[in-house]
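These protein sequence lines are chains A and B, in that order.
Residue numbers 120 to 281, in my numbering, belong to the letters of the first sequence in order.
Residue numbers 293 to 1014, in my numbering, belong to the letters of the second sequence in order.
See structure below.
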Amino acid sequence: MHRTARRLLPLALVAGVACDKGLAPIPGLVGIRGTVTFAGAEPANTDGVFIIAYHTFPQSTADLYSFVPAPPLQSLPRPFTGSYSYTIGVPNGRYEWVVAVWKRVGLLIPDNLEEAGFYRDQAVPTQPGIVVVNGTVTDAIDFVIDFDNMHPVCFYIPPCPP
Amino acid sequence: MTRRLALPLSLLAALVAVPRLAAQRTAVVYGSVRDSGGQPLRATVTDVATGLRSFADNQGRYQLSVAPGRTVVRVAHIGYASVFDTLTLGSADSVERNYFLRPAAVELQPHVVVTAAKRSQLLDQAVTSVAVLEQPDIARRAVTTVDEAVDKAPGVQFLNGQVNIRGSTGYVQGLGSRVLLLVDGVPANQGDRGGINWDLVPLDRVERVEVVKGAGSSLYGSAALGGVVNLITREIPPGFHARVRATGSLFSNPPHDVWRFRNYTGAREGIDVTGSYGTDMFRGSYSTGGWHSDGYREQDRQDHWQTGGKGEWRPAPGTVVTGAGSWASDQYQVPLRWCAGPGSCDDRGQAYQPFMIDQSGRGAHTRSDKGYLMATLDRAPSPRLELHARASWLRTHFTDFQPGNNDAGVANRVGAELRGNLAPAPGQDVTVGAEGARSDVTSDIFGNHSQTELAAYGESERGLGATRLTAGARIDYLAVDGGSLTAVLSPRVGGVLPTARGAWRVSIGRGFRAPSLAERFVSTSVSGLTVIPNPSLTPETAWSFELGNANRWSGLLGWDIALFWTEAYHLIEPHVDTTLGQIQFRNVAHARLAGLDLALDATPLTRLTTSLAYTFLYSRDLAVDSALAFRPTHLLTLAADYRWGRFGAGGDFRYSSRFGRVELYPDDPRVDAKVLDLRASWESGPFAARVLLTNALDYIYNLVPRTLAPVRTLSVTLTWTY
């Protein structure tokens, strides 16, 4: 018996050493945090407002679905007035467009989506700002969501229907 | 037309012919089975030709009726090397044979299997790889469900209930299994989704599991694209027998306080009761039971109830009429995905909470009822002919309760088969048969549809010198909603060559899977995307090649090694059309799965048995030139058991390498899977106690997206057998 135990001991040791504990808590969130400020009146047929991020600015309607975080998305809470501190969990990386998407009631198709605001470059406010996430929360990604100045998908990816 | 009907009609005529009771007299083999120390063993004594069995009692005594003539008897008990004994008996002979079994590792061979060729054959004569799990082995491991029992078989991996044989299926949330489940040879995949209900048959009723690897469509048709799992239920022994099994389990709490989700320790408790009575002519068994589980994570409660029975009528030697049925009902909460990201749950500042669920899935639960009825007639009118007929009905019913949206469906699958196994000349075996099945579904998301399958098959095996060659084919005709027929031909050729260096086997065969009714007609929405039907889906197909060797040295060391290569075409995968916001199942993928499958067993010490199973898998989606999702490159299982009189102790270690690719959440952290199970047992007369510690290292991991795999669980099982 003792001889058997001695023979098995190396195997048990190898197994024990080889094993870590698997997944572990990741303190804190890796993502983007900031404050959005609402402007304008919420459209009557609003389904929700979502904040998402793109690694690269979408060039086609197919690219529209290459966003993070992955669905299902959770809308910012109502009412869509005043200011709201948001946080989204996204992987490490460089993001060219952090954007608020307004969605009309209905299917998740381009016709029901409009850009309602995005994080802007501090030097050139007409351009989207670059956000880099590296192992923690990238803070102060603040921007305005203006329901009176929304843009349909075809504004960025033409053509627009006549 | 007349010629086409001649064979089936002649088989039918032979089946229904009145058995010549008076003309057939039996011989009897009796005696005892003991281990090398003289202790009685409750071994199984089997007539290899007919598959009829006798079970030794507490004193090791047995009695087996056999047909006069040459008979091969196999005596088997887990943990011991089987003994094969060839006897020549005259009519009404009564011969005493006492057997002594020698301790040995889990056997790779010789085994008798029935699935690889749709007839009884020795394992080392099968042209494809077969893994066998015997009931004592299942009991020793103290698992409680069928999928737990099959999970550690060489080359097999379960992904949240979806079985993979050499990476065949991946993970598609239970839809469209590329493995066919059989219950006593009867197909049992769902009629609507094509998936498998592993709780259809209580584990306590399972005598043996045979896992046939690689394409098996040349005999079994659709769904046998990646392999076949056959659950063979227990034989009913003569006399009165009963068995009560009670199980209690405790789930480990989360290993980190920040992951805690409840203030008590979750538990699982269950009980099964089985009774049987048999005479030489009539035998019957009935079992019932249930269990409740708190689950090991948030929103994971489950209640399960089951009942089932089996009856046999043996009007004459070599003739058995069997009726069997089972019904199981489950009510379970649906954990869905774990919580990740702010606002999804009480995240406590964590990037993800593996024990908590995403709020979007809160309140979801399911009721799932499923059952089957089957009747079979087996008859051996002569030593050269065995006939088999069966009819079966499988019914599944589910209701998914989701916040604001409930889905429901009822599906049926009725089937019938007529088969003959002939031995026209010494060394030659021929299997021919015809099979038909009809599946239908009534559901708010699948609609009202039906699918009809008609098939004919034949396979011949004959000796050529020392080599045994096999060739056969099956043709399936498929019709959906009574429309035009689609024909699929599935040939297979193979050979086995026994040598001084073991038995070499080679085979190549074609497999296919018909699209399930769910894949063709599903109409629902997922996360805002519309899932639309695709009635024009065609069957997915695969060519499967295997070269293998099985060998045993001096009774202490044995192996079974196989090189395999599968080339799959038109695989059915969900296709997301981002422009239209739609998901549709389409024939899109061309995939390759190739690798090495090794099973090794050894008995380094008299009481110590060990085994190693390793699968190397190369998987590639050639259509998009990337790894196939949810396939591990390395899958390793180590097992060891030590027996000391009434006591036993052992363990399994399973390593699954990190998936090269996953879908849905590719950026989530994921790890290799390293799972250690430990067990101990004590047996005394009719009582047995088993302790099982699964995932003893409490390794936290997931195999499918955001779904926590089971944590450390301590189980105690008490069994009383009369």
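Yeah, the Cβ is synthetic: ideal placement off N, Cα and C, and Gly gets one too.
- In summary, F532 (chain B) is exposed, with fewer than 16 beta-carbon neighbours lying within 10 Å of its beta-carbon over all protein chains present.
- Chain A places a beta carbon closer than 7 Å to that of Q642 (chain B), counting this residue as a contact.
- The three-state reading of DSSP puts W551 (chain B) in helix, counting H, G and I together.
- One thing to note: S731 (chain B) has its Cβ no nearer than 7 Å to the Cβ of G518 (chain B).
- DSSP places V814 (chain B) outside both helix and strand once states are collapsed to three, so it counts as coil.
- Boundaries for S421 (chain B): no alpha helix (DSSP H) harbours it, and the DSSP string shows neither H nor E there.
- With a minimum length of 3 residues, the unbroken runs of beta strand (DSSP E) contained wholly in the region 680-740 of chain B fall at 699-714, 720-735.
- A straight line joining the alpha-carbon of E751 (chain B) with that of Q720 (chain B) spans about 11 Å.
- For H926 (chain B), the pairing in a beta bridge is given by DSSP as B:F908.
- Taking the C-beta atoms as reference points, N481 (chain B) is found no nearer than 7 Å to E502 (chain B).
- Burial is judged here by how many other beta carbons sit within 10 angstroms of a residue's own beta carbon; G707 (chain B) has at least 16 and is buried.
- Look at the region 608-678 of chain B and you find these whole runs of beta strand (DSSP E), each 3 residues long or longer: 611-625, 630-632, 644-649, 657-674.
- Per DSSP, reduced to three states, the secondary structure at E440 (chain B) is helical.
- In this structure T1009 (chain B) is not in contact with R535 (chain B), their Cβ atoms being roughly 12 Å apart against a cut-off of 8 Å.
- At a cut-off of 7 Å between beta carbons, V149 (chain A) contacts chain B.
- For I992 (chain B), the chain A residues whose Cβ falls inside 7 Å of its Cβ are K140, G141, L142, in order along the chain.
- The straight-line gap separating the alpha-carbon atoms of P958 (chain B) and G212 (chain A) is approximately 14 Å.
- Annotated three-state conformation of F274 (chain A) is helix, per DSSP.
- For the C-beta of A242 (chain A), not a single chain B residue is nearer than 7 Å; the gap to the nearest is close to 29 Å.
- Annotation: Cβ neighbours of D959 (chain B) in chain A (cutoff 7 Å, chain order): P210.
- Legend: CB atoms of the region 161-192 of chain A lying less than 7 Å from CB atoms of chain B belong to residues T180, A181, L183, Y184, P188, A189, P190, P191.
- Closest by C-alpha distance to Y947 (chain B), out of B:Y906, B:V954, B:A981, B:P961, is B:Y906.
- The distance from the Cβ of A703 (chain B) to that of E727 (chain B) is about 19 Å, inconsistent with a contact at the 8 Å cut-off.
- Look at L232 (chain A): its C-beta is not under 7 Å from any C-beta on chain B.
- Contact between the region 591-606 of chain B and the region 615-622 of chain B is established, with three or more Cβ pairs separated by less than 8 Å.
- In the DSSP annotation of this structure, L192 (chain A) is not part of any alpha helix (DSSP H), being labelled neither H nor E.
- Within chain A, the residues whose beta carbon sits less than 8 Å from that of L956 (chain B) are A189, listed in sequence order.
- For S510 (chain B), the enclosing alpha helix (DSSP H) has its first and last residue at 509-512.
- Separation of the CB atoms of F945 (chain B) and L930 (chain B) is rounded to 4 Å, and the pair is thereby assigned contact status at 8 Å.
- Taking the Cα positions, H369 (chain B) is about 12 Å away from A431 (chain B).
- When Cβ-Cβ separations below 7 Å define contact, L195 (chain A) makes no contact with chain B.
- In the DSSP assignment, W597 (chain B) forms a beta bridge with B:G582, B:S621.
- Per the Cβ contact rule, the region 436-449 of chain B is in contact with the region 896-912 of chain B (3 or more Cβ pairs under 8 Å).
- Considering only beta carbons, the part of the region 529-552 of chain B lying closer than 9 Å to chain A consists of P547, H548, V550, W551, in chain order.
- F979 (chain B) and T1013 (chain B) have their C-alpha atoms roughly 7 Å apart.
- The beta carbon of D595 (chain B) sits closer than 6 Å to the beta carbons of H584, Q623 from its chain, once the five residues preceding and following it are set aside; these are given in chain order.
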